[in-house]
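Take a look at the structure below.
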Amino acid sequence: MDTKIKPIQWNKSEGSLEEFKKRLEIREIIDAYDALLDELFQVRNPKYKFIPEHKEDCAAFKEEYLAGVSMEEHGEWFYFPYTKNVIHYLPDEVHQELRTARNKNLITKEEQEKFYNYTVAIAGLSVGSHPALAIATMGGAKKIKIADADEVSGPNLNRLRYDCSTLGKNKAHLVASHIFQLNPYGEVEIYDNGVTAENMDAFLSGADVVIEEVDFLPMKIMLREAARKKGIPLIMATDNGDGVIVDVERYDIDPALQLFNGAAGDISMETLKTMTPTDLPKLATQIAGPYMVVPRMQQSILEVGKTLYSWPQLGDAAILCGPVIAYLVKRLALRQKVNSGKFDVSLDAILDPDYHTEEAKAKREAEIKEVHKVIGFE
């Protein structure tokens with residue numbers, strides 16, 4: 184773990200809190216411990232939700248909880264080198280109890296434990312940053328593996344939850360820093376050189392699910408071949424206009440399942456080597472879903488290298504990938520039914536009142552057919 188990212192915990196046996204702070208370069212000290220105990224009191228005593236006068240009972244709860252230890256020395260203090268913040272946290276189990284209290288009973292205590300102990304590996308942290316943060320926010324994946332070699336750039340700011348102060352910073356470092364401050368007791372394994380053939384085995388080792396959000400087609404195939412070999416389910420979400428196309432590949436259930444659920448035929452690293460550059464647009468169309476990708480998306484791809492320097496992506500769609508994947512990961516962790524397949528999460532289909540009219544359907548089909556004709560896809 185990069186020591187510039189991993190939080191440093193105050194070790195009470197090595198000196199006082201003041202001595203700990205003096206050794207650090209601190210930007211801000213955040214201590215809301217008293218307020219956290221007020222909230223813990225209400226979580227553990229829900230009857231006081233409708234009893235406004237409970238100061239004495241809350242004070243008695245805090246006195247009993249602290250058991251003679253000063254509030255400053257109770258709990259744990261962590262220093263975050265990446266942000267230079269020092270933050271006062273409740274003890275591990277109590278921290279998890281409080282931060283997931285509002286999940287109940289949409290997620291029960293038993294379900295929360297299963298979700299928390301489910302290990303997630305995420306490759307690609309542009310779109311992939313959203314499921315990483317959504318899963319962590321929901322109290323899932325105590326152990327999470329994240330991989331990306333890229334840095335935040337100007338054009339990323341239309342779909343990542345970062346501002347200009349993060350430009351030039353590694354995406355894996357930013358995601359890890361956010362997760363650690365949310366839960367410093369968690370384990371974040373960082374691959375800031377991305378996933379490679381050399382570290383693939385380590386990246387997938389111990390993972391219960393892999394989330395694939397890389398742009399490089401050979402790596403998409405390599406990740407699937409490795410996941411299939413290890414029997415790990417794989418999820419991919421592709422932003423699609425204002426919606427999302429989700430691929431679920433249950434290699435844990437069907438070890439003979441074709442990559443991409445067979446959308447690209449019997450594709451493999453070996454067959455990819457035999458393809459010519461002119462084959463790749465058709466292959467990408469097959470993988471994405473030739474009749475799911477919205478017309479404007481397909482039309483725009485034809486303009487890449489002409490009037491556009493890259494394919495288009497919208498912030499609402501990239502962010503939507505987060506809850507969609509987090510939902511699927513939670514279902515997998517709870518052993519609820521999740522089928523392999525390609526699924527269209529379309530806001531247009533749900534909210535556009537004219538989307539399902541015959542005229543709108545015919546227009547979309549004609550536009551898509553025209554693009555397929557240009558790229559030679561049938």
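FYI, in the numbering used here the residues of the sequence shown are 184 to 561.
Ideal Cβ positions, reconstructed from N, Cα and C, are used throughout, including at glycine.
Integer-rounded CB distance, given that residue j should sit under 8 Å from residue i
i           : j           : result
residue 354 : residue 334 : 7 Å
residue 319 : residue 327 : 7 Å
residue 277 : residue 200 : Actually they do not touch by this definition, with Cβ atoms about 19 Å apart.
residue 394 : residue 311 : 6 Å
residue 248 : residue 207 : Actually they are not in contact, since the Cβ atoms of residue 248 and residue 207 sit about 28 Å apart, beyond 8 Å.
Own chain, CB closer than 7 Å to residue i, minus 5 neighbours either side, in chain order
i           : result
residue 477 : 423, 424
residue 214 : 271
residue 500 : 422, 423, 424, 425, 426, 427
residue 297 : 516, 517
residue 491 : 483
Beta carbon of residue i nearer than 8 Å to that of residue j
i           : j           : result
residue 419 : residue 435 : no
residue 440 : residue 523 : yes
residue 308 : residue 358 : yes
residue 273 : residue 281 : yes
residue 187 : residue 265 : yes
residue 322 : residue 345 : no
residue 512 : residue 303 : yes
residue 521 : residue 515 : yes
residue 251 : residue 216 : no
residue 560 : residue 454 : no
residue 361 : residue 400 : no
residue 525 : residue 448 : no
residue 482 : residue 550 : yes
residue 374 : residue 382 : yes
residue 577 : residue 463 : In this structure the chain extends from 184 to 561, so residue 577 is not present and cannot be described.
Residue i, buried or exposed, once every other Cβ within 10 Å from all chains shown has been counted against 16
i           : result
residue 314 : buried
residue 504 : buried
residue 474 : exposed
residue 546 : exposed
residue 487 : exposed
residue 519 : exposed
residue 253 : exposed
residue 557 : exposed
residue 196 : exposed
residue 236 : exposed
residue 210 : exposed
residue 283 : buried
residue 244 : buried
residue 285 : exposed
residue 450 : buried
residue 470 : buried
residue 212 : exposed
residue 234 : exposed
Nearest residue (CA-CA) to residue i, options the options
i           : options            : result
residue 364 : 239, 218, 268, 237 : 268
residue 387 : 306, 480, 264      : 306
residue 396 : 331, 296, 450      : 331
residue 493 : 338, 530, 385      : 338
residue 384 : 361, 411, 398      : 411
residue 509 : 301, 442, 197, 223 : 301
residue 498 : 374, 438, 342      : 342
residue 189 : 248, 502, 262, 241 : 262
residue 444 : 233, 408, 461      : 408
residue 563 : 350, 479, 368      : Nothing about residue 563 can be reported from this structure: the residues present for the chain run from 184 to 561 only.
residue 293 : 482, 517, 413, 542 : 517
residue 380 : 246, 541, 402      : 402
residue 555 : 336, 466, 286      : 466
residue 260 : 352, 204, 233, 227 : 204
residue 630 : 239, 349, 340      : The question about residue 630 has no answer, for the chain in this structure spans 184 to 561.
residue 432 : 417, 349, 438      : 417
residue 229 : 287, 460, 295, 193 : 287
Contacts around residue i, its chain only, beta-carbon distance under 6 Å, and the 5 residues preceding and following it disregarded
i           : result
residue 537 : 543
residue 275 : 368
residue 391 : 301, 302
residue 372 : 328
residue 256 : none
residue 154 : Lying outside 184 to 561, the shown extent of the chain, residue 154 is not represented and no answer is given.
Same chain only: Cβ atoms within 8 Å of residue i, ignoring 5 sequence neighbours per side
i           : result
residue 202 : none
residue 539 : 532
residue 438 : 411, 414
residue 458 : 466
residue 452 : 401, 404, 405, 408
residue 242 : none
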